[in-house]
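Contents: one structure, followed by commentary.
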Amino acid sequence: MKIGILVGMENTFPPALIEKINSMGEGITAEYIKIGGVKMAEPTEYRLIFDRISHEIPFYRSFLKNAVLNGTIVVNNPFWWSADEKFFGYSLATKLGLAVPKTVLLPQKGYIKGVTDASLRNLEFPLDWDGIIEHVGLPAILKPHDGGGWRDVYKVNTKEELWQSYDQTGTLAMTLQEFIDFTDYVRCYCVGKKDVLVMPYDPKNRRYLPQESLSHYAPELMDRILRDTILINEALGYDLNTVEFAIKDGIPYAIDFTNPAPDADIWSVTEPYHNWVTETVAKMLVDYAKNGAPASRHHRWYKWLNQDATSDLAASAGELAQGIVASVEQVAQRASNVISEVIEEITEPIKPRRPRKTANEPKPGKTAKTAKTTKSTKKS
Ligand SMILES: Nc1ncnc2c1ncn2[C@@H]1O[C@H](COP(=O)(O)OP(=O)(O)O)[C@@H](O)[C@H]1O
Ligand SMILES: [Mg+2]
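Take the sequence shown: its position 257, counted from the start at 1, is 327 in our numbering, and no numbers get skipped.
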C-alpha cells in the first residue's frame with residue numbers, strides 16, 4: 071500500500087514525513103508522486119495522497135479531485151479546500167461560538183479585463199465607508215478574504231490609510247477586520263481534527279516561542295484554545311490545519327484558520343514543533359491508509375460510485391423509513407385525539423359537565439380511556 075506526497079519547494083517536512091512513514095513498519099510505503107497527463111476516471115496507484123501544494127498549482131488540484139473520485143484518500147480534502155476562504159470561516163466560527171474579530175467583506179477595488187460598469191450593477195457605490203469603519207473600529211486590519219503567507223495584510227489607523235491600502239489591492243476581495251491589540255498570540259496545529267499542539271508565537275518577529283511561554287496561561291484559556299481549535303477543524307473538515315489566536319484579556323480571538331498546508335519547516339517552526347507535526351501527521355496518514363478516512367462519505371456522488379454504495383443506500387432508505395413511521399405515528403396520534411374529542415362531544419350530554427380537554431393537556435386517567443375508545447371507534 072502506498073502513500074504519495076505532493077510537494078512544492080519545502081524540503082524538510084516532506085522528507086522527514088516520508089522517512090517516518092517508511093520506518094513505522096506498517097507495510098506502507100511513502101514516496102513523492104510523479105504525474106504527467108492524467109487520464110480521466112482512472113485510479114491512481116496510491117491509497118492516499120498528502121497534498122502540500124495544490125493551492126498554487128491548479129493542475130494538481132484537478133488531478134486530486136479525480137483521484138478522490140477514483141478511491142484515493144486525499145489530505146486535505148481538495149473539494150473543500152477549493153471552496154473555502156477566510157471570510158466564510160469567520161462567519162462559521164462566529165456561529166460556532168468562537169470569539170472572532172468583527173469582520174466586513176468588501177467589494178473588490180479592481181476587476182479582471184472585460185468587467186465593466188455594466189457588469190457591476192449590483193454593487194453599491196460609493197461604499198458606506200463611515201458605516202463600515204464604525205462597525206469594525208480603528209485601527210483595523212485589511213486583508214484578503216482568501217490568502218496566506220502574510221501577503222497583502224495592512225494595518226490601517228485612519229480612513230485615509232484604509233483608502234490608500236485598499237487602492238493597492240487590485241482584484242483581491244478584501245476583508246476589513248477589527249484589530250485585536252493582543253498580549254499573546256498562538257498558532258495551533260490540529261491533526262486529524264483531534265490532536266492539537268499549541269505553539270506560542272511572536273508575530274512581530276515572526277518566530278515561534280518555546281512551550282514555557284504558555285506557562286502563564288490560565289487553564290480555562292488553554293481549554294478554550296484546545297476546544298475551539300478542534301471545533302473549527304471538525305466543522306471545516308481539515309485533517310491538517312493551523313488555527314491562530316490573538317489573545318486579549320484572556321479571550322482567544324480566532325484570526326486565521328484557513329491554512330490547509332501549514333508551515334512545518336524545521337527552520338521556521340523549530341525542531342520540537344517540526345518533530346511533533348511530522349510524527350502526528352505520519353501516524354494519521356498511516357491510520358487513514360489502513361482504516362479509511364472519516365470524511366470520505368461526504369460527497370453526493372459517493373453513494374452511486376463507491377463499493378459501499380448498496381449499504382449506504384440501504385442506510386438512507388432505513389433513515390427515510392424511520393422518518394415516515396414517525397410521521398405516520400404523529401398523524402395517528404393527532405387523529406386519535408380528534409376522534410376522542412368527537413366522542414366526548416357526542417357523549418357530553420349524558421356526562422356531568424366538565425371542561426373539555428385539549429390534545430396537549432392529557433389528564434391522569436384519561437389516556438387509557440381515550441386509547442380504548444379510539445380503538446373501538448376504529449373497529450366500527
Ligand atoms: N484582526 C487582527 N488583529 C490583530 N492582528 C492581526 C489581525 N489579523 C491579522 N493580524 C496580524 O497579521 C498577521 C497575518 O494575518 P493572517 O490573518 O494570519 O493572514 P495570513 O493568512 O497571511 O497569515 C497575523 O499573524 C497577525 O499578526
Ligand atoms: Mg496567519
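Ideal Cβ placement from N, Cα and C applies to all residues, glycine included. Note that the coordinates shown come from a computational prediction; the quantities given were computed from them, not determined experimentally.
Quick check: is any heavy atom of ligand 1 less than 7 Å from the C-beta of residue i?
| i | result |
| --- | --- |
| Ala-316 | yes |
| Phe-157 | no |
| Gly-207 | no |
| Lys-213 | yes |
| Phe-120 | no |
| Val-223 | yes |
| Phe-252 | yes |
| Gln-178 | no |
| Glu-231 | no |
| Gly-320 | no |
| Gln-247 | yes |
| Trp-374 | no |
| Pro-273 | yes |
| Trp-220 | yes |
| Pro-171 | yes |
| Gly-307 | no |
| Gly-95 | no |
| Gly-217 | yes |
In the DSSP assignment, find the beta strand (DSSP E) that holds residue i and state where it starts and stops.
| i | result |
| --- | --- |
| Glu-314 | 310-318 |
| Ile-300 | Here Ile-300 belongs to no beta strand (DSSP E); instead the alpha helix (DSSP H) covers 289-306. |
| Tyr-130 | Where Tyr-130 is concerned, there is no enclosing beta strand (DSSP E), although the alpha helix (DSSP H) it sits in stretches over 128-139. |
| Tyr-224 | 224-226 |
| Leu-176 | 173-176 |
| Arg-257 | 254-261 |
| Thr-99 | 99-102 |
| Ile-143 | 143-145 |
If you follow the alpha helix (DSSP H) that residue i is in, where does it begin and where does it stop?
| i | result |
| --- | --- |
| Val-356 | 341-361 |
| Pro-234 | Reading off the sequence, residue 234 comes out as Gln, not Pro. Note, Gln-234: alpha helix (DSSP H), 229-236. |
| Phe-149 | 148-153 |
| Leu-375 | 372-375 |
Is residue i near ligand 2, in the sense that its beta carbon is under 7 Å from a heavy atom of that ligand?
| i | result |
| --- | --- |
| Asp-326 | yes |
Applying the 10 Å Cβ sphere with the 16-neighbour rule, what's the burial state of residue i?
| i | result |
| --- | --- |
| Asp-298 | buried |
| Trp-233 | exposed |
| Ile-182 | exposed |
| Pro-425 | Low per-residue confidence applies at Pro-425: pLDDT is 43, beneath 50, and the placement is therefore not dependable, though the value from the model is reported in the following sentence. Exposed. |
| Arg-423 | In this predicted model, Arg-423 has a pLDDT of only 43, less than 50, meaning its place in the structure is not dependable; the value taken from the coordinates is given anyway. By the neighbour-count rule (16 or more Cβ atoms within 10 Å), Arg-423 is not buried but exposed. |
| Ser-161 | exposed |
| Leu-355 | buried |
| Ser-235 | buried |
| Pro-171 | buried |
| Arg-191 | exposed |
| Met-269 | buried |
| Lys-421 | Residue placement at Lys-421 cannot be trusted, given a pLDDT of 44 that sits under 50; the coordinates are not used to answer. |
| Phe-327 | buried |
| Phe-129 | exposed |
| Glu-282 | exposed |
When DSSP labels each residue in this structure, what does residue i get in the three-state scheme?
| i | result |
| --- | --- |
| Val-206 | helix |
| Ala-324 | strand |
| Thr-164 | helix |
| Tyr-181 | coil |
| Pro-85 | helix |
| Gly-74 | strand |
| Leu-267 | strand |
| Leu-193 | coil |
| Lys-274 | coil |
| Asp-251 | coil |
| Pro-280 | coil |
| Pro-330 | coil |
| Ile-336 | helix |
| Pro-364 | helix |
| Ala-169 | strand |
| Ile-119 | strand |
| Lys-109 | coil |
| Lys-427 | With a pLDDT of 42 at Lys-427, under the threshold of 50, the modelled position of this residue cannot be trusted; read the value that follows with caution. Lys-427 falls in the coil class under three-state DSSP. |
| Asn-92 | helix |
| Ala-379 | Bear in mind that a pLDDT of 48 at Ala-379, under 50, signals an unreliable position, so the number given afterwards is only what the model happens to contain. DSSP places Ala-379 in helix when its eight states are reduced to three. |
Taking 7 Å as the cut-off, is the C-beta of residue i nearer than that to any heavy atom in ligand 3?
| i | result |
| --- | --- |
| Pro-332 | With respect to ligand 3, the structure shown offers nothing to examine, as its ligands consist of ligand 1 and ligand 2. |
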